[in-house]
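A.B. asks: Before anything else, here's the structure in question.
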Amino acid sequence: MVNAAKKGETQKADIARKKWYKNADEIAGFLHCVNHCWSEEKWKDMMYSHLEMTEKEATLRLNGKYTADINIFDDIENEAFKMADYMFCGIIKMCFHNKQN
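Numbered by the numbering used here, the letters in the sequence shown go through residues 181 to 281 in order.
Structure representation (structure tokens):
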């Protein structure tokens, strides 16, 4: 996607972006299937946010806006921590639920 965008090939970049989001949908669905304590929609929301920020970061870097690039990287990192916390909480809930049964 980044290479296509760098070359000005917007159609190729759009196709790659759609595949990127489709992959996020598939991952969200898989995670919900393996642990029903995780909401598929919540995973999609977090992943979409992550992808949007990652694309923005790449654009900023390509345009030489390094300070803004660093700032959004911090946001991406915080989003990843939130995803990790959500994953951890879901694992704990599933383990607790399994012990109850």
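In this text, a Cβ means the ideal position worked out from N, Cα and C, and glycines have one as well.
Apart from the five residues just before and just after E259, which ones in its own chain have a Cβ nearer than 8 Å to its Cβ?
C.D. replies: Here the set comprises M226, S229, H230 and M233.
A.B. asks: How should I271 be labelled, buried or exposed, when 16 other C-beta atoms within 10 angstroms of its C-beta is the threshold for buried?
C.D. replies: Exposed, because fewer than 16 other Cβ atoms sit within 10 Å of the Cβ of I271.
A.B. asks: Would you give the residue range spanned by the alpha helix (DSSP H) that S282 belongs to?
C.D. replies: Residue 282 lies beyond the range of the chain shown here (181 to 281); nothing can be said about it.
A.B. asks: Exposed or buried, A264, counting other C-beta atoms within 10 Å across all chains shown (16 or more means buried)?
C.D. replies: Burial call: exposed.
A.B. asks: Is E235 helix, strand or coil by DSSP?
C.D. replies: DSSP places E235 in helix when its eight states are reduced to three.
A.B. asks: For K187, does the three-state DSSP call read helix, strand or coil?
C.D. replies: Coil at K187, not helix or strand.
A.B. asks: Below 8 Å on the Cβ atoms is my contact criterion, and I expect A248 with K224 to pass it. Report the Cβ-Cβ distance as a whole number of Å.
C.D. replies: At roughly 26 Å, the Cβ-Cβ gap does not stay under 8 Å, so A248 and K224 are not in contact.
A.B. asks: I'd like to check one pair, L240 with K186: are the Cβ atoms closer than 8 Å?
C.D. replies: Against a cut-off of 8 Å, the Cβ pair of L240 and K186 comes out as no contact.
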